[in-house]
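A short worksheet on the structure shown next.
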């Protein structure tokens with residue numbers, strides 16, 4: 392049965408075969424969600440192919456690659472109560488979107504739900520799933536699953552009004568850990584981020600990726616987020632940890648230089664999270680230090 396409560400936003404760039412495969416699976420979902428695909432400036436015929444093959448899908452062809460901020464354009468085009476995000480190499484399992492909408496209906500305090508990620512073609516859980524299940528963030532008694540301090544955008548369902556109130560994804564961050572800033576702002580506004588194991592997103596990682604650029608942006612974004620929202624002492628500790636553990640190569644050096652160049656922007660927008668939020672999320676520091684799923688390599 393169709394479910395009018397939830398829509399899907401997919402972002403893509405230069406991955407025509409992958410996004411066609413993902414959308415093919417999404418249009419067959421029993422929930423029949425409205426789908427918006429945001430093409431981040433592709434030159435490989437992605438937008439044209441999508442329009443020809445899936446006339447029921449809305450395709451937004453942007454002139455440039457806005458990275459994660461491309462999702463903002465997709466959310467603006469939808470008018471559903473909830474929005475599920477997809478990358479161009481992920482797709483939702485049938486029934487998961489309806490279950491997510493049911494949960495958000497039942498728990499108005501939840502801003503974002505993060506689903507379990509199953510890696511294809513093997514069908515096994517992504518290594519990050521264990522960290523989501525064992526999240527150290529204290530959860531209120533009413534929350535139906537583990538509380539999280541952030542989320543993975545390509546496997547998440549978000550409350551649209553909360554997303555808009557928080558300003559969506561920062562255009563400045565592009566891609567790579569862009570969720571952390573939005574997550575902290577959602578939690579500061581009183582929303583919860585919850586992991587639910589019975590919701591499933593499948594991920595068949597594309598081989599078409601600029602891993603060097605993503606690592607550079609990811610490290611820069613971590614440093615920017617740290618100084619945008621963390622108090623001084625935790626920010627210093629996090630910066631020192633990164634300085635001592637990231638690879639000592641040109642990519643890390645360029646990422647640090649990018650972060651320094653953006654310092655005036657960071658200081659102008661610095662707004663430390665409240666003490667109760669910092670105390671609650673500070674427990675993530677140890678998990679991030681020991682994580683085998685998140686490495687700047």
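Residue numbers (our numbering): 392 to 688.
Virtual Cβ for every residue (Gly too), placed ideally from N, Cα, C.
(request) With DSSP collapsed to three states, give me the class of residue 507. (result) strand
(message) So within the region 560 to 602, which uninterrupted alpha helix (DSSP H) runs reach at least 4 residues, ignoring any that extend past its ends?
(response) 570 to 579
(message) Pop quiz: residue 526 and residue 539 are said to be a contact at Cβ under 8 Å. What is the actual Cβ separation, rounded to whole angstroms?
(response) 5 Å
(message) Beta-carbon within less than 6 Å of residue 580's beta-carbon, same chain only, minus the 5 sequence neighbours each way: which residues are those?
(response) none
(request) Give me the Cβ distance between residue 488 and residue 427, rounded to the nearest whole Å; I'm assuming they're in contact under 8 Å. (result) About 14 Å; that fails the 8 Å criterion.
(message) Tell me the rounded alpha-carbon separation between residue 398 and residue 477.
(response) 11 Å
(request) Could you tell me which of 462, 400, 641, 662 sits nearest to residue 615, measuring between CA atoms? (result) 662
(request) Tell me whether residue 493 sits in a helix, a strand or coil according to DSSP, three-state version. (result) helix
(request) Pull up the distance between the alpha-carbon of residue 631 and that of residue 637, whole angstroms please. (result) 10 Å
(request) List the DSSP bridge partners of residue 675. (result) Looking at the DSSP assignment, residue 675 forms no beta bridge with any residue, so it has no partner.
(message) Let me check one thing: in DSSP terms, what residues is residue 642 bridge-paired to?
(response) For residue 642, which the question treats as bridged, DSSP gives no partner whatsoever.
(request) In angstroms with no decimal places, state the Cα-to-Cα distance between residue 575 and residue 395. (result) 29 Å
(request) Check whether the Cβ atoms of residue 410 and residue 479 lie closer than 9 Å to each other. (result) yes
(message) Rounding to the nearest angstrom, what Cα-Cα distance links residue 402 and residue 577 in this structure?
(response) 22 Å
(request) State whether the region 442 to 462 contacts the region 412 to 429, with contact taken as three or more CB pairs (one from each stretch) at a distance under 8 Å. (result) yes
(message) Quick check on this structure: which residue in 513, 612, 590, 442 has the alpha carbon closest to the alpha carbon of residue 569?
(response) 612
(message) Within the continuous beta strand (DSSP E) that includes residue 476, where are the two ends?
(response) 473 to 478
(message) Among the candidates 504, 473, 437, whose CA atom is the shortest distance from the CA of residue 452?
(response) 437
(message) For residue 398, report the span of its beta strand (DSSP E) as first-last.
(response) 397 to 403
(request) With DSSP as the reference, please indicate the residues paired to residue 538 in a beta bridge. (result) 585
(message) Can you tell me whether residue 394 is helix, strand or coil according to DSSP?
(response) coil
(message) Mapping the DSSP letters down to three states, classify residue 481 as helix, strand or coil.
(response) strand
(request) Please report how far the alpha carbon of residue 627 lies from the alpha carbon of residue 642, in whole angstroms. (result) 21 Å
(request) Report yes if the CB atom of residue 511 is closer than 9 Å to the CB atom of residue 590, and no otherwise. (result) no
(request) Could you check which residue in 558, 500, 496 has the C-alpha nearest to that of residue 582? (result) 500
(message) Which of the three DSSP states is assigned to residue 543 in this structure?
(response) coil
(request) To the nearest angstrom, report how far apart residue 393 and residue 486 are at their CA atoms. (result) 11 Å
(message) So for residue 690, helix, strand or coil by DSSP?
(response) There is simply no residue 690 to check, as the chain begins at 392 and stops at 688 in what is shown.
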